[in-house]
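Below is one structure; the comments refer to it alone.
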Ligand SMILES: [Zn+2]
Ligand SMILES: [Zn+2]
Ligand SMILES: [Zn+2]
Ligand SMILES: [Zn+2]
Ligand SMILES: [Zn+2]
Ligand SMILES: [Zn+2]
Ligand SMILES: [Zn+2]
Ligand SMILES: [Zn+2]
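Residue numbers (this note's numbering), protein chains in the order written: chain B, 3 to 469; chain P, 3 to 469; chain W, 3 to 469; chain F, 3 to 469.
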């Protein structure tokens, strides 16, 4: 009988630190059982010669099959999302259990747990909190957390999701008692509402005015506020989707004060710009997300904040709405004013190729930092490390074989998601995932996804050091 | 007939810039008509030999005879406040027209204008805005501003005064259209409420917990938010009563970005500490004000921010509640929990002596900066300069003769206000006002106030350069 | 007999603080005897209706008739410099007593004192120190300082003037004992030498490479070093001719630490750019000075540092070399490599018009700040205030009548200096001095200078508060 | 025949990133051949149960058997230093090839290479440059670098070692051409000389005045200067032995500008203080090193700079002088003035235990960061990674088995060096190395060192990514 189920042989293994080492990987029972100069005695062998072997991507911010208050769910389901993730080198995601005002969270968790079980991706959850009533805080959240949901997600903007400062403080205090991270969407709701009303009053309603309605100062304000309130409660937080350097600077200042504050950014802020929302006709709607992409020159400053380590996670914030779909971007017509355009863009499959190409291939970051940004750091911050995000003995055998030289022009077909467009259509990247392994199973080879619906596992998270 | 009504002779005239010059001052019709080596031909002569001659103090933040929603008014009336001001070298004040939720401002302005006319102090007004309804913004505020009320005051905390961010934005936008300054009380209401509830739940209700309920981060948060929203609207603001350096630092950062943001501090933050609220029994209530005095070591850092020019106005925030009064500090009994202690301390008379003694006599600031902090800068920021705050030809003849060497132990009797205590009782100062002149009239000599009730004038303000 | 020798009537008097006041000025015995609504009884009356009346300019950094080690003197003599200064609104200068290595300073002072006495400008001196021997430090400097020379000037670059750090420390320590300010030319000598050698080796010798030989980092390094060494000795310093924001930032940091460090800039850094040195042929030599003008975009940042108050003096660093002169710019021929081009440009007459036009007329600074930058602040920092730099009773009657609306195209003829060109030829300014008064004497009217050689006075300086 | 020469079994392997993983390590031919859940088939087995397994320490700043200009060598020889290193968990060092003014480097390199070969430690070299003549720069340095010496060390202070700025620039430029790192001892020589002379003149000569002679500003100045000159040349540098936060702040600013500047600190700055030099009699001499230890409160700020990542290497700067030795601390007698006390303290063995105890055991840093500071980061910065500083397949099998709970009181005997004292005598640490493995050989167990003199290897370094 073979000692190993699978051996990955001859690759350059990049663990996220200290460059690459050429070694074989022996996998048994879905986990990495050995790293060695040479692994023999494997039932199956995958040749990685000439390829990088990276830990499977961990996308800690994905909206998948997310139920809405009206009973509908987002277009992207777990099966399509799993295919999209595998196609792009990602093997684990953290997605969101909803809460709707006036309701609890336990049933939502149960329902969402069931939905997620239908896919092929390993998955953990953030619990969204929009209504921290006494009952929710005292009874339901502890129960959900006990299931292994160790992060609470709050919004400082969006109707009807946003929390007042007082509600946010309740969530921070609850998180502290329960040992959870709190992730925050930071934009000032009133400021956006005021700007939006002024813009509409002035007849400025085209998609591009979405960016005008929420300039950087609106995001910086909410970020400083979120940090200050977290500081008051002494609770670690992660600032989601930082779009520009002045927001990151608030995080850097907090870190220099010794606070546990982390910053996430997304490929859209490194690749897209506000000008994309000004494409002819309604095309700009394809790029509407919040915070909005900023000016081109902001991107260089954002890369600098990545290099400095202030921003240490790159997620997709995958949140797809089809351009042509009934409930998609044009749900209110192709001349809908910008506030009626659903916020969000798909990016699950494109995340790693975009960051590798724009980052590593263009020399902005090294391979180590790439691996940390897309896999190791999110795994650590989410308490999934070293089960996920690592190529270490004992870790889950989630691996991606990456051809660093392959040139690929992005098309929507390659994305393998349920959405009818990609905002990156036609963009050429350098570097491409040629095979993805999830817990020892080859689930993608050369773009072809083969994995059984229902094979994804829930990842319960224990208390961990970072919070 | 004499050429001048009054000559002040032989003093060292300190204009706030460039040290002192020995010269005579000729006054006619209440204004400075001449500055000369020697003024002859005056009907009355005041000998200032050996004394400093300073522009009369301008206290741009005073709560005097302020009507409350319940029909009462604050203990300090305009007559007693005038006496107190003159006793301490101040000749002009800016006080507050109230607004109560659900009501307008025009009647309030009319009523308050009438009240203020009964005193002896020259006075300008801030218009408090607590309810910026369409009608108030569109109809009433323009009318009040047209009367010469060129600053709007808002609260980001206090029930029921505080504004939401959305309301604050409306006020900022209105101020921009109307050409007004906006002054802001910066503390985060929800954070204070949360902390207060937690403290009370833990049985921590003594006066000293007032400081625990609103730590510096609560003030810093609201300050950054106020600046950010003002930045969004492109509207100048003044941050009231900055209590510590980390708050001032936010102002410094904004100034370095080129924003029109100014910072005020008050003597209580330079002289008192949070420990004063921990005096035995209920005594600590005498020091309860918001933001609260901070730690002793914070004071040195605050002086540094004054020297850097980040904080450029020192006001009293005079807001007196008698210790023994029925509606005073112990209105809810001498074991009232801290949230039931009225916020505010008296300081109109003590302001200039305290700042001179702690600042000039102790070498922390020069005489010029003293004059600017207590007179010139508030006059400029309020649009009263050079009518007030200056010793220039054509300026109002508001002067204070100051003995820089006189040692004086502060007592409540010296304060000449309507309040039954001073938080500075027993403190010895170096430097003291020996005579005060208001528009050419000697209204105070050696502590004796002589001025006719009703002789104070309203100071309408025109649009001016700083906003 | 008339009470006043001269009355300036009806002007808008701008004292540098708080805008303008319309008043008359009465002058007696060369000093301001009175400021009043109306001055009658004057022997002579000058009508200033419609004009600004400013304190005469104080240019605290001028190279005039400066003897060189080889026995020659600079082209600009005191008579021509006086005419140029008066033409541009300046009435006082601080110029430089040389020292040459191996020699003392007392004889130099005596000689230079005699030279300066031949002009019409009031003058104070910096003592250059290039060789702080025991004898110079212990015997000669005290003697020169006792004469009223209260500032020592040192160079951290230039052959053979520069000091080692050890020599600089000796000067700082001597200045501290003697109560002198130290002014510093901050550029790193070795860095310039290294870059220059590399450039010449590469055949890059045209005038424009002067700027390449001393980039901003070279100036920033020397500035931080000068500040650090002054900090070690606890000695106030002024950083001369700051050319860009990153250098000013070092000064701002030092000020925020509470150090007595001041920064000067010059019009050339606000108006010229490095590109001017790239004009065709040898024309670029006309703009060669050190530090060199920087990039256009640097100017906006420099204005910001002026507005922040980090840079508080604008001097000319007038140091003229005729373009065609035998000992001028082309002394080594019109194809001389850049190290052989004399460093320095003329700017005595252009200083105030340039700063008024670019600053006040273009809205970058207010009138008050203009007056402070060109007159009040240099007077204060040099210990000449309030004798100079002020319009106060008792001050010297040095005034300039300024037409804020006059448009004037600059030509070399208007400069009235001994140099055959101006780097600002053809530039149109808004605002122009129409009359200059020096100690009560009208020495310039409408460009016509009338003053007797030998009428300028030496300005001995006493110990003063700023050092 | 066994597959592995040695297996380390059952330990918690800490690679410097992501906590620990329980796995076995299989070693063959001195290198790590496998990491696996279970390694069988090894000729020798070392049980690490209950222990941490860390990569062997890399001490990138050690003075060992360093020849002096006078023909003597430092007391510590390679054999004793090897024992000391192994006793403290260190397996590799980078030490210094000297250069003396007026002489070349090649012979020095040859000689030093021979000396180092006599020890048991793996060793790489910095080449000290004190005289960058044309010949040295053009001919000798390239030859030494070609041998694998990829860092140049310069001194900005010390007679007769220090370089002028011009010489430093030559070295920086040479390093850039040759692909070397430059490491810099940053203190301002002239400032120290000036202060020293002043102190001695005042009769202040006791050991403690060593600290007075070189305050923080002297170190900060040289650090900013070193960075600025490196910036001019675009050459990466490492700032040696940063003693306080204000120096580290200069490094942080440079890093934020995107420069390749790294900072090292040493245990003496985290554990000792200036007060130690004030111990009775001549005892203080035991703590004399440069820069000197600072005030106690500085230590917390230094830890903060470590946590921020600004300081990323902790070396020993081992430089031992026996207290009683003829050429030791008291070479000039026990009442020698401080400038005659040799600079330097021994710390090779104490480095890792001190940092683990003060850092990890006291909760100031995590285990990961500890490993990075003492092993991974110096290996990376020196271009030795992943051969050294890593527990990866293919890396040299340099390991240390660490008992995190062992309490140990430090004594000089434990240090196993040639010096007669340790500055840490009597200090109790938590955490201790119980075995050290160098290239697969167990060279230390429970304090007992067993390794053959001459078994250490020279580590030639190739060009690498960090420079
Ligand atoms: Zn979001
Ligand atoms: Zn999202
Ligand atoms: Zn208030
Ligand atoms: Zn108030
Ligand atoms: Zn110069
Ligand atoms: Zn000069
Ligand atoms: Zn050193
Ligand atoms: Zn060393």
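Ideal Cβ positions, reconstructed from N, Cα and C, are used throughout, including at glycine. Small disclaimer: the values here were computed from a predicted structure and weren't measured.
For residue j and residue i, the rounded distance between their alpha carbons
| i | j | result |
| --- | --- | --- |
| residue 427/F | residue 332/F | 19 Å |
| residue 56/B | residue 38/F | 18 Å |
| residue 258/P | residue 306/W | 8 Å |
| residue 24/B | residue 13/B | 6 Å |
| residue 80/F | residue 393/B | 38 Å |
| residue 195/F | residue 168/W | 8 Å |
| residue 41/B | residue 178/F | 42 Å |
| residue 119/F | residue 457/F | 8 Å |
| residue 221/W | residue 34/W | 42 Å |
| residue 466/P | residue 184/P | 14 Å |
| residue 264/W | residue 211/W | 29 Å |
Counterpart residues of residue i in DSSP-defined beta bridges
| i | result |
| --- | --- |
| residue 57/F | 401/F |
| residue 155/F | 130/F, 185/F |
| residue 265/P | 241/P, 313/P |
| residue 27/B | 10/B, 37/B |
Any non-hydrogen atom of ligand 7 within 8 Å of residue i CB
| i | result |
| --- | --- |
| residue 157/F | yes |
| residue 323/F | no |
Check: residue i C-beta below 8 Å from any heavy atom of ligand 5
| i | result |
| --- | --- |
| residue 187/W | yes |
beta-carbon residue i near ligand 2 non-hydrogen atom, thresh 8 Å
| i | result |
| --- | --- |
| residue 346/B | yes |
| residue 243/B | yes |
| residue 133/P | no |
Partners in chain C for residue i, counting only beta-carbon separations shorter than 8 Å
| i | result |
| --- | --- |
| residue 260/W | Among the protein chains in the structure shown, which are B, P, W and F, there is no chain C. |
Near ligand 3: residue i beta-carbon under 8 Å from a heavy atom
| i | result |
| --- | --- |
| residue 319/P | yes |
| residue 292/P | yes |
Any non-hydrogen atom of ligand 6 closer than 8 Å to residue i Cβ
| i | result |
| --- | --- |
| residue 212/F | no |
Query raised in the report: Is it a yes or a no for the segment 30-45 of chain B touching the segment 82-90 of chain B, going by three-plus beta-carbon pairs under 8 Å?
Result: Judged by pairs of C-beta atoms under 8 Å, the segment 30-45 of chain B does not touch the segment 82-90 of chain B, as fewer than three such pairs exist.
Query - Given 8 Å, three or more beta-carbon pairs between the segment 373-381 of chain W and the segment 27-35 of chain W - result: With the rule of 3 Cβ pairs closer than 8 Å, the segment 373-381 of chain W does not count as touching the segment 27-35 of chain W.
Query raised in the report: Between the segment 61-74 of chain B and the segment 413-433 of chain B, do three or more beta carbon pairs fall short of 8 Å?
Result: No contact exists between the segment 61-74 of chain B and the segment 413-433 of chain B.
Query raised in the report: Counting Cβ pairs, one atom from each stretch, are 3 or more of them under 8 Å apart for the segment 125-132 of chain W and the segment 88-97 of chain W?
Result: Between the segment 125-132 of chain W and the segment 88-97 of chain W there are three or more inter-stretch CB-CB distances shorter than 8 Å, so the stretches are counted as touching.
Query raised in the report: Any chance the segment 357-371 of chain P sits against the segment 384-398 of chain P, with 3 or more Cβ pairs inside 8 Å?
Result: The segment 357-371 of chain P, when compared against the segment 384-398 of chain P, does not touch it at the 8 Å Cβ threshold.
Query raised in the report: Looking at C-beta atoms only, is the number of pairs between the segment 421-441 of chain B and the segment 97-117 of chain B that lie closer than 8 Å three or more?
Result: Contact fails: fewer than three Cβ-Cβ distances are below 8 Å.
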